[in-house]
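Okay, structure first, notes after.
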Amino acid sequence: MTRREFIGLLGGAAASPLAARAQQPVMPVIGYLHSASPEPYAPMMTAFRQGLAEAGFVEGHNIAIQYRWAEGRFSRLPSLAAELVARRVAVLVAGGGDVSASAAKASTTNIPIVFTIGGDPVGYDLVNALGRPTGNVTGVTFFTITLGPKRLELLRELVPGATKIALLVNPNSFSSDPKEVREAAGALGQHIQFFHAASEQEIDSAFRSLLQQGSEALLIISNPFFTSRRDQIVALANYHRIPAVYPLREYVVSGGLLSYGANIREAYRQTGAYAARILKGEKPAELPVQQPTKFELVINLNTARALGLEVPATLLARADEVIE
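Numbering (this note's numbering), first residue to last: 12 to 335.
Below, the structure written as structure tokens:
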């Protein structure tokens, strides 16, 4: 073998692995933005990955997911969204409510965005219409915020003698002034008191304040931060013996008294399914915003007994799930 042939052989051997790697398909990357912390949302993220897997996308196998969690500090969301856009992700998924979705929308007009929120995406200016969104944004809403008046009705049925009902709201959210609840309370002649909390310490302070002001029952306004702190909120309500109604089943599983709302895990599964459809080539404008078809009433009888409450038979008969 001549020297020239030997060098040519080495060159071919060195080039072949590079050529093989160059021929391998590039794994698409999903950017995932969320306003809260990962641990309390672990069941929801499992549902999100299930939605992807049902369409053939498995994390670490044929897709990668870059996560950005704001840990309840909403001011971080714009910079976290910008990081994901800079990585040129194939799809930007915004979980954790209106603030995440708004930060994602403000960060790009080119990358497809799929949101998961509990409010009205048209009212939040995320899409122009539910049935035919335009631009690069679509997603899933479980409309839990707009169910506030129904939860107020359930709370009054559960505690008919309550003259002062407290509302816990996050001042950093679009839902910081739930007008639907305010209007419903006014129509019923029900006195309501607003208490704000945007941190773990402020939740403790809010409970001290509502006790000092004589609140007799509590309505939790839907918010991703509250969902991430549900164990703290439920523990405080039960410790102080305050009957409370919550927006999601997850609170009742944690020991809360009663919840009324859509299945949030199903919403996250649908979000994964939408992200998969976009990865396969569909456009956000072709995908109508998904809405819940069923709302669940969940009651924890153990908590009711501990609070000395007798749940009306009419309420039990309407419950989709009773935890004992």
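Where a beta carbon is used, it is the ideal one built from N, C-alpha and C, also for glycine.
Taking all protein chains in view, the Cβ of L178 is crowded by 16 or more other Cβ atoms within 10 Å, so the residue is classified as buried.
Looking only at R276, P189 and I253, the smallest Cα-Cα distance to P54 is reached by R276. Our two residues, Q243 and S210, have alpha carbons roughly 11 Å apart in a direct line. Check the Cα spacing between E332 and each of T325, A324 and I310: the tightest is with I310. Annotated as proximal: F306 and L158, with beta-carbon spacing under 8 Å.
DSSP lists Y43 as the bridge partner or partners of Y78. DSSP places F237 inside the alpha helix (DSSP H), whose first and last residues are P235 to S239.
The Cβ-Cβ distance between P123 and T152 does not fall below 8 Å. Distance check between E164 and each of P144, E194 and D136 places E194 closest, using alpha-carbon atoms only. Linking H207 to V192 through their CA atoms gives a straight-line distance of about 15 Å. Taking the Cα positions, T314 is about 34 Å away from A105. Membership of E94 in the alpha helix (DSSP H) is indicated by the continuous run L88 to A97. Take S265, set aside five residues on each side of it, and the residues of its chain with a beta-carbon closer than 7 Å to its own are R241, D242 and V245, in chain order.
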